[in-house]
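J.:
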Amino acid sequence: MKKKLKIIVPVVLIVLGGAYKFALAKPAPVKEKIAGTVYVLPKDFLINLTDGKFLKLDVALVLKAGALPAAGGAAAGAAPPDGYGPLPQEAAVRDIVTNVVTDASSRSLISRAGRERLKKKILKTILKTTDVQAEGVLFTDVAVQ
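For the sequence shown, the numbering used here assigns the number 1110 to the initial residue and increments by one for each residue that follows.
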């Protein structure tokens, strides 16, 4: 009888623990790695660099949640020009990216540290001069020729 109890008690405890884990316990909250919306600027950039080379660049912005106007909002009747998306101050953002990156050399765009410095400078300028609620800048495609 003691041998059976030594086997039955641990088995029952394991079954009860598993039942609690899978049926009763609340799941751990999932933390998003990117909180907000990633907005890809629809048109790519073709920029002359300071050292005579060319840059083809695709840029995305990490916007705060709800910062991008919903489709069908107040401005739904006025469609943006070709190549522009629903971001209200997209032209200003494109101007900032062009101005900041035009001052760069091809070396700064080839190195990871150089790209990070440019992203920070672009973000700082966007936050300072526009109403765009950006939290980050992403270079989704970079080609230097």
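Just so you know, even glycine gets a beta-carbon here, dropped at the ideal spot from N, CA and C.
Within the same chain, show all residues whose beta-carbon is closer than 6 Å to that of Leu1150, passing over the 5 residues directly before and after it, in chain order.
T.: The residues are Val1168.
J.: For Ala1184, which residues from the same chain have a beta carbon less than 6 Å from its beta carbon, with the 5 sequence-adjacent residues on both sides left out?
T.: Below a pLDDT of 50, predicted positions are generally treated as unreliable, and Ala1184, at 48, falls in that range; the measurement from the model is reported next regardless. Cβ within range, chain order: n/a, list empty.
J.: Could you check the C-alpha separation between Pro1195 and Glu1225 for me, to the nearest Å?
T.: Whole-angstrom Cα-Cα distance: 26 Å.
J.: What's the C-alpha gap between Lys1130 and Lys1173?
T.: C-alpha separation (whole angstroms): 35 Å.
J.: Can you say whether Ala1213 is buried or exposed, counting buried as having 16 or more other CB atoms within 10 angstroms of its CB?
T.: By the neighbour-count rule (16 or more Cβ atoms within 10 Å), Ala1213 is buried.
J.: Please identify the residue among Lys1115, Arg1216 and Thr1238 whose C-alpha is closest to the C-alpha of Val1251.
T.: For Val1251, the nearest C-alpha among the options comes from Arg1216.
J.: How many Å lie between Val1253 and Val1209 at the Cα?
T.: The straight-line gap from Cα to Cα measures roughly 16 Å.
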